[in-house]
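As given, the protein sequences belong to chains Z and A, one line each in that order.
Following numbering that gives the first Met the number 0, the numbering of the first sequence begins with 0 at its first residue and continues without gaps.
Following numbering that gives the first Met the number 0, the numbering of the second sequence begins with 0 at its first residue and continues without gaps.
In what follows, a single structure is set out as structure tokens and then discussed.
Number of protein chains: 2
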Amino acid sequence: MDDDQLSRVFAALADPTRRDMVARLAVGDATVGELADPYDVSVQAVSKHIKVLADAGLVSQSKDAQRRPCHLEAEVFDLMTKWIERYREQAQERYGRLDSLLAEMRGDERRTDHRNRQQGAAS
Amino acid sequence: MDDDQLSRVFAALADPTRRDMVARLAVGDATVGELADPYDVSVQAVSKHIKVLADAGLVSQSKDAQRRPCHLEAEVFDLMTKWIERYREQAQERYGRLDSLLAEMRGDERRTDHRNRQQGAAS
DNA sequence: AATGTTGTCAACCAGTTGGTTGAAGACTGA
DNA sequence: TCAGTCTTCAACCAACTGGTTGACAACATT
Numbered sequence: 000m001d002d003d004q005l006s007r008v009f010a011a012l013a014d015p016t017r018r019d020m021v022a023r024l025a026v027g028d029a030t031v032g033e034l035a036d037p038y039d040v041s042v043q044a045v046s047k048h049i050k051v052l053a054d055a056g057l058v059s060q061s062k063d064a065q066r067r068p069c070h071l072e073a074e075v076f077d078l079m080t081k082w083i084e085r086y087r088e089q090a091q092e093r094y095g096r097l098d099s100l101l102a103e104m105r106g107d108e109r110r111t112d113h114r115n116r117q118q119g120a121a122s
Numbered sequence: 000m001d002d003d004q005l006s007r008v009f010a011a012l013a014d015p016t017r018r019d020m021v022a023r024l025a026v027g028d029a030t031v032g033e034l035a036d037p038y039d040v041s042v043q044a045v046s047k048h049i050k051v052l053a054d055a056g057l058v059s060q061s062k063d064a065q066r067r068p069c070h071l072e073a074e075v076f077d078l079m080t081k082w083i084e085r086y087r088e089q090a091q092e093r094y095g096r097l098d099s100l101l102a103e104m105r106g107d108e109r110r111t112d113h114r115n116r117q118q119g120a121a122s
């Protein structure tokens with residue numbers, strides 16, 4: 000049930016524009032227009048991005064006349080951090096213990112290099 | 000430049016099936032077939048999922064005859080954690096300080112409830 | 001009341017994603 | 001060598017995504 004929100008949170012942050020907006024909102028609240036300003040896209044597109052962030056629970060919006068100030072919700076980050084830490088610890092614990100040892104005893108070459116797959120331009 | 004990988008990592012983890020596989024791999028390495036077993040999809044689909052995880056740098060694959068054992072790469076989690084922590088701290092620091100105070104002085108109702116937007120079935 | 005500002009909704013479009021099936025590559029074992 | 005196992009590649013399809021434009025709701029100002 001939380002799983003669904005976790006999916007939305009990760010999906011929301013998979014977009015560099017949206018991550019950028021989160022960075023901007025970490026500095027302070029901002030209206031949709033203010034958030035749209037630095038980008039070369041329509042306000043409608045930005046509005047959609049904010050909706051995605053809001054649906055993920057990362058952002059809340061309040062009312063100020065026509066304006067809709069956006070506020071970053073820090074608590075949701077904990078949900079992510081918790082998920083990550085669980086498996087990071089689990090994996091790191093395993094690593095350096097007997098797992099890689101056993102692997103070498105089995106004789107397969109561990110850790111094929113995956114780092115040279117693609118080097119796409121940064122956004 | 001790292002931004003691109005960060006996008007891939009978040010996108011990879013946005014899928015519950017892939018998160019599940021990460022959870023499985025945290026316990027120990029597994030072949031594609033072993034990973035595919037619990038799911039009701041074709042092996043090809045699972046192979047694609049693994050490719051996504053590998054492209055994100057979350058998983059590496061080695062060779063063992065026809066088999067392709069998958070191994071969880073814990074280091075990449077740090078990339079994510081770093082990004083998250085940066086903005087979480089920044090936002091939480093702001094929260095409880097003068098920001099929300101000023102907001103109340105401006106008289107707008109902060110924090111519209113976003114939690115009742117949708118309650119989709121868990122995956 | 002009329003106008004301008006701010007933001008969202010609706011419809012549309014191209015590109016991506018997650019699934020399928022079929023074929024083939026790579027290896028083991030009889 | 002021939003059959004069987006494990007995995008990936010290729011082509012295809014429906015659904016989703018991120019963008020667009022146009023309309024309009026809500027509010028402030030004149």
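We put the beta carbon where it would ideally sit given N, CA and C, even for glycine.
No experiment lies behind these values; they were computed from the predicted model shown.
Under the criterion of beta carbons closer than 8 Å, E72 of chain Z and S59 of chain Z qualify as touching, at roughly 6 Å. Close to I83 of chain A, with beta-carbon spacing below 7 Å, are these residues of chain Z in chain order: F76, M79 and T80. Close to V21 of chain Z, with beta-carbon spacing below 8 Å, are these residues of chain A in chain order: Y86. As computed with DSSP, A29 of chain Z is found in a beta bridge with Z:C69. Comparing alpha carbon positions, the residue from A:T30, A:R17 and A:A25 closest to A64 of chain A is A:T30. For the pair of segments examined, the segment 36 to 56 of chain A was found to touch the segment 15 to 23 of chain A: the number of CB pairs separated by less than 8 Å reaches three. In terms of Cβ geometry, L78 of chain A and D1 of chain A form a close pair [threshold 8 Å]. When DSSP states are grouped into helix, strand and coil, D1 of chain Z belongs to the helix group. Around L12 of chain A, the beta-carbon contacts reaching into chain Z at under 7 Å are F9. Shown here, S46 of chain A sits in a helix according to DSSP, grouped into three states. Buried is the label assigned to R93 of chain Z, since at least 16 other Cβ atoms lie within 10 Å of its Cβ. Minimum Cα-Cα distance from A90 of chain Z among the listed residues A:A90, A:Q91, A:L34 and A:H70 corresponds to A:H70. Excluding residues up to 5 positions away in sequence, A55, G56, L57, V75, L78 and M79 lie with their Cβ nearer than 8 Å to the Cβ of V8 of chain Z in the same chain. In the three-state reduction of the DSSP assignment, D14 of chain A falls in the coil class. Between the beta-carbon of V21 of chain A and that of Y38 of chain Z there is about 32 Å, and that puts the pair past the 8 Å contact cut.
Contact of Q91 of chain Z with chain A is assigned, a C-beta pair being separated by under 8 Å.
Chain Z has a Cβ within less than 8 Å of the Cβ of A73 of chain A. Non-local C-beta neighbours of R66 of chain A in its own chain, meaning closer than 6 Å and more than five positions away in sequence, comprise T30, ordered along the chain. Membership of V58 of chain A in the beta strand (DSSP E) is indicated by the continuous run V58 to Q60.
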